[in-house]
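**Q**
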Amino acid sequence: MIDIEIQKALHGSQGDMRLDVKLQIEKGEFVVLLGQSGSGKTTLLRVLAGLERAAGNITVENVIWLQNQKMLPPQQREIGFVFQDYALFDNMSVEENLLYVNEDRALTKRLLKLTELTQLSSRNVKGLSGGQKQRVSLCRAMMKKPKLLLMDEPLSALDQAMRIKLKDEILKLHKTFGTTTIMVSHDSAVSYQLADRILVLDHGKVIADGSPDEIFTKASTVTYSLNI
Amino acid sequence: MFDIASLDLAPFMLSFKLAGITTLILFVLSLPLAWYLSQTHSKAKPILEAVTALPIVLPPSVLGFYILVVLSPNSAVGGFFEDLLGVKLVFSFTGLVVASCFYSLPFMVQPLQSGFESLNKHMLEASYLAGKSKLQTVFKVALPNIKPSLITALIITFAHTVGEFGVVLMVGGSIPGETKVASVAIYEMVEVMEYGTAHIYSAIMVLMSFLVLLAVYVFNHQQKKIGILR
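Rendered as structure tokens:
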């Protein structure tokens, strides 16, 4: 169980606002954060990862990650993070990117096989395509067998074919490892297919929370906020 | 006719020794400073940057004068080193190293800082999220990804130290084998009108400086090419 109650002042593209989120996430749940640009989705993810400060409390399976201003550093949180721009270590090969996180060669092999990257394991990551890079990024995020997998628009920079392939791989890894996953997305179709639960953020507040079916059949305020 | 075999290469050896030691010390000292400057949002950052860059714009005589004042046995710093540690800081090789570290500081700090600043911030965050400390991140992720800046910093610092004159002359004087570096030797040759030797010494300096700069540009060009081909 993950308990989140955070507040943070934001100065974003939608002007000054306050991120004010209170929610509980069940273990193993796949949550998608939807909302327009500047609604606070990425900030929420970064606060959960410990990359940004915020007021409030975060407790993950009875371990306190944030309590008032006292925060557990990102190094000590059991988190996997997939960045929108991949953020791979350019000086390393595919395999080295994974082993840098955890020197578990068996897990490295298993993840590369699951994502069909085995043949590229000794290649430098600079030479990979966008889709391949994002799959490496996904594998790297799983190397710590994280309690929480956070993904910031992992599919947005990919073409349609690669988006479908990676979406399936995300789901495969989520189910194989039973990880609690929170993914930021703009894509309603992908969200519908992946999520157990969808949260819609608007101006820093959760304005809708429910299953994909509930969210996409709800009142016009939600659809207006999502621009769909 | 000038006898090339009789050419005294000791000043060059001393210049290279001074430049090598200075580069090594400055790399160790500048790394944390450059990293801090690249990561901080502190209001003190512009002040620190200005202080670091001062040796670029200050006349060497001004820098040399203040270093001489601080290192002299009559000052607190110079007195401490001479009385308690038995280390003479003026007109000695040790003093030259200290002076060179101040003089060449910006040439090490600035390329490193700009290299660190050009790194993808998410790459560093990914390292922290992988459980790695800042020190591990600097050595295993940041430095290997700023190789052109690193090589530029090391080579330019070395070359700049070899070429320094004013500060060296003021702090070290011209003691053969101790503080008489190549640039000072050339100055003395001109003073006594030994133009033949001055020519040869100067030509060696020109050739060496050109080769050093060529090495930097060739390396950076190759790095760019590798980046494109990968």
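In the order they appear, the protein sequences are chains A and B. With the numbering used here, letter number 99 in the first sequence gets 99, and the count goes up by one each step, no holes. With the numbering used here, letter number 48 in the second sequence gets 1048, and the count goes up by one each step, no holes. All C-beta atoms, glycine included, are put in the ideal place defined by N, C-alpha and C. Computed from a predicted structure; not experimentally measured.
(1) For the alpha helix (DSSP H) that GLN24 of chain A lies in, which residues bound it at each end?
(2) Three-state secondary structure (DSSP) at VAL32 of chain A?
(3) Using three-state DSSP, classify ALA1182 of chain B as helix, strand or coil.
(4) Taking 8 Å as the CB-CB cut-off, is LEU1009 of chain B touching chain A?
(5) Considering Cα atoms alone, identify which of A:ARG140, A:LEU19, A:ARG163 is closest to VAL82 of chain A.
(6) Can you name the residues of chain B whose CB is closer than 9 Å to the CB of PHE177 of chain A?
(7) Return the residues of the region 85 to 109 of chain A that lie within a Cβ-Cβ distance of less than 7 Å from chain B, sorted by chain order.
(8) What does a CB cutoff of less than 7 Å around GLU153 of chain A pick up in its chain, not counting 5 residues either side in sequence?
(9) Got a sec: which bits of the region 52 to 85 of chain A sit with their beta carbon under 7 Å from any beta carbon on chain B, in order along the chain?
(10) Taking the beta carbon of SER220 of chain A as the centre, do at least 16 other beta carbons fall within 10 Å, making it buried, or is it exposed?
(11) Enumerated in chain order, which unbroken segments of the alpha helix (DSSP H) with a length of 4 residues or greater are wholly contained in the region 1013 to 1091 of chain B?
(12) Are the beta-carbon atoms belonging to SER121 of chain A and VAL94 of chain A less than 8 Å from one another?
(13) Can you give me the C-alpha to C-alpha distance between TYR1036 of chain B and GLY1196 of chain B, rounded to a whole angstrom?
(14) Which residues in chain A have a C-beta closer than 8 Å to the C-beta of LEU1014 of chain B? List them in chain order.
(15) Mind listing which residues of the region 1094 to 1118 of chain B have their C-beta closer than 7 Å to chain A's C-betas, in chain order?
(16) With C-beta atoms as the reference, is LEU166 of chain A less than 8 Å away from GLY131 of chain A?
(17) Helix, strand or coil: which one does DSSP assign to ARG77 of chain A?
(18) CA-CA distance, LEU1089 of chain B and ILE1175 of chain B?
**A** So, to answer that:
(1) Premise fails: GLN24 of chain A lies in the beta strand (DSSP E), 15 to 25, not in any alpha helix (DSSP H).
(2) strand
(3) helix
(4) no
(5) A:ARG140
(6) Result: empty, since nearest Cβ-Cβ is about 17 Å, beyond 9 Å.
(7) ASP85, ALA87, PHE89, ASP90, ASN91, TYR100, VAL101
(8) GLN84, VAL184, SER185, HIS186
(9) PRO74, GLN75, ILE79, PHE81, PHE83, ASP85
(10) Here SER220 of chain A scores only 48 on pLDDT, less than 50, and its place in the model should not be relied on; the value that follows carries that caveat. Classification of SER220 of chain A: exposed, given that the 10 Å Cβ count is below 16.
(11) 1045 to 1057, 1060 to 1071, 1076 to 1079
(12) yes
(13) 48 Å
(14) The contacting residues do not exist; LEU1014 of chain B stays about 37 Å from chain A at best.
(15) none
(16) yes
(17) coil
(18) 14 Å
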